[in-house]
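What follows is a short report on a single structure.
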Amino acid sequence: MATRRYLIRVLISVFLVTAVLLGTDLRALGRLLVSIDYRYVLCIVAISLVDRVLMAYKWRLLLEAAGVGLSLWFSVKAYLIAGLLGAVLPTSVGGDIFRAYYSARVVGQADKVIASIAIERAVGVVASAAFALFGLMALAASDFSSLPSARLLGIAAVALALSAIALRISLDRRVLAFVERRLDRFQHRLLGKLLQSHRAYVDYNERSGVLPAFFLLSLFEQSLFSFMNYYAARALHLDVSLIYFIGIIPLCHIIMRLPISINAIGVHEGLYVFFFSQLGLSVTEAFSIALVIRIVWLWVHLASAAIYLTDGAGRAVRMRVAEKCL
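Numbering of the sequence shown is given in our numbering, commencing with residue 926 and proceeding in unit increments.
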């Protein structure tokens, strides 16, 4: 079943990329890439690295609040390798599995490590929806005619409300008590570990300060993606206002997180063509922005691969995670 889902996602990626390429003028794309301003590309690389460090720092805040100590360098290294594995493994959670297993091997307290990753993802979804709504509102206030559809505001508002409600429910101790009563009759080691992680997850509700701080840092992180794409357009000498990237990119990132294709290949490019073509860019120009971002992330993954290959301590962990995900 897992192999079938993976093959379907591969086919979707191939189909979407082919559809975009059929509408792309390859000669015009070549001219855009040849004339690229590498100063802006360096800015994108720098921002992408800052983003990784920020993500690791945020995760470390959650771990420290739970009494788990990890160095910032270890957190950054774990995040870089996890990002690489998340891009190449068939499952979208392969990177998270590695991060949890790798960190637990070093510091123990697997329940708290797993809980930190779960709360990180949950709050991250709320932050993404909040920034997407903010961006669309800012775009509408600046130039309503450039908003692809007024319905996007409603969709973003609903996404924010649902994700916030889901987060609140997941942190409720009454929900935990209900789950414990339901599972109490089952004597299974794995269920016991999952309940331990759930308890550690709910404990974040009582650690005042860490979740609001994490949420605010996540909002700032969302803005980095908008700036990366803005600089990609500047590198290609495309005149697109920053406010449009603030309005559209967060929405694209929410959709790209869905397990539709492999590493959002095809979905990423298709979304850019859909949204930026409505602004007046050609398919080739819209695709070129996505391509520059994709190439930069490839460079980041290559740097991650170097860490992956030289980190002897994590070799056994990586092999075990790969076996579980393949």
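Each residue gets a CB set at the ideal place from its N, CA and C atoms; glycine is no exception.
Close-in-space but distant-in-sequence residues of the same chain around residue i (CB under 7 Å, 5 per side omitted)
i       : result
Asn1154 : Phe1170, Ile1174, Ile1214, Ile1218
Ala1138 : Leu986
Ala1252 : Past the boundaries of the shown model lies residue 1252; the chain is included only from 926 to 1251, so the question cannot be answered.
Ile1044 : Leu987, Tyr1126, Tyr1129
Ser938  : Ser1186, Ile1187, Ile1190, Gly1191
Ala1003 : Arg1024, Tyr1027, Ser1028
Ser1202 : Val1208, Ala1211
Val1088 : Rather than Val, the amino acid found at residue 1088 in this sequence is Ser. Val1050, Val1051, Ala1054.
Ala1100 : One point to set straight first is that residue 1100 is Val, not Ala, in the sequence displayed. Cβ within range, chain order: Ile1094.
Close-in-space but distant-in-sequence residues of the same chain around residue i (CB under 6 Å, 5 per side omitted)
i       : result
Ala1143 : Ala is not the amino acid found at residue 1143; the sequence shown has Ser there. The answer, listed in chain order, is Gly1049, Ala1052.
Ala1158 : Val1165, Ile1214
Ala1029 : Ala1035, Val1038
Leu1077 : Leu1061
Asp962  : Ala1160
Leu1167 : Tyr1155
Val1316 : No information on residue 1316 is available, as it lies outside the stretch 926 to 1251 that the chain covers here.
Leu1092 : Ala1047, Val1051
Proximity to residue i [Cα-Cα], best of the options
i       : options                            : result
Tyr1156 : Gly1134, Leu1136, Val1221, Arg1099 : Val1221
Leu1227 : Ser1070, Leu1108, Leu1005, Met1181 : Leu1005
Tyr1126 : Ala944, Val942, Leu987, Tyr965     : Leu987
Leu957  : Ser1070, Glu1146, Leu1216          : Leu1216
Ala990  : Arg929, Arg930, Leu1136            : Leu1136
Ala944  : Arg930, Leu974, His1193, Leu1206   : His1193
Ala1075 : Gly1008, Asp1021, Gly1172, Gly1019 : Gly1172
Gly1019 : Ile1042, Gly1033, Glu1146, Pro1073 : Ile1042
Pro1073 : Ile933, Leu936, Val1100, Gly1205   : Gly1205
His1162 : Leu941, Arg930, Ser960, Ala953     : Ser960
Ala1054 : Ala1230, Leu1141, His1123          : Leu1141
Same chain, Cβ closer than 8 Å to residue i, neighbours up to 5 away in sequence not counted
i      : result
Ile972 : Leu1149, Phe1152, Met1153, Tyr1156
Decide yes or no for the touch test of the region 1144-1153 against the region 1165-1182: beta carbon pairs closer than 8 Å, at least 3 of them. Because the criterion of three Cβ pairs below 8 Å is met, the region 1144-1153 and the region 1165-1182 touch.
Take every Cβ of the region 1071-1090, pair it with every Cβ of the region 1028-1037, and state whether three or more of those distances are shorter than 8 Å. Of all C-beta pairs linking the region 1071-1090 to the region 1028-1037, fewer than three are shorter than 8 Å, placing the two stretches out of contact.
Ignoring anything shorter than 4 residues or poking outside the region 1093-1175, list the alpha helix (DSSP H) runs there in chain order. Taking 4 residues as the minimum length, the alpha helix (DSSP H) runs contained wholly in the region 1093-1175 are 1098-1108, 1114-1127, 1135-1160, in order along the chain.
Measuring CB atoms only, is the region 1063-1078 touching the region 1087-1107, in the sense that at least three cross pairs come out at less than 8 Å? These segments do not touch.
Tell me whether the region 941-953 and the region 1178-1198 touch, counting them as touching only if at least three CB pairs, one residue from each stretch, are closer than 8 Å. Touching, yes.
Three CB pairs or more closer than 8 Å across the region 995-1008 and the region 972-986: Touching, per the Cβ criterion.
Does the region 1124-1131 come close enough to the region 1089-1099 that 3 or more CB-CB pairs lie under 8 Å? Yes, they touch.
Report the residue ranges of all alpha helix (DSSP H) runs contained in full by the region 974-1049; include only those spanning at least 4 residues, in chain order. Annotation: the region 974-1049 contains the following complete segments of the alpha helix (DSSP H) (minimum length 4 residues), in chain order: 997-1013, 1019-1032.
Mind listing, in chain order, the continuous alpha helix (DSSP H) runs of no fewer than 4 residues lying wholly within the region 1174-1203? Counting only unbroken stretches of 4 or more residues, the alpha helix (DSSP H) elements lying wholly within the region 1174-1203 are 1192-1202, in sequence order.
Of all the beta strand (DSSP E) runs that stay within the bounds of the region 1056-1083, which reach a length of 3 or more residues? As far as the region 1056-1083 is concerned, it has no whole beta strand (DSSP E) run of at least 3 residues.
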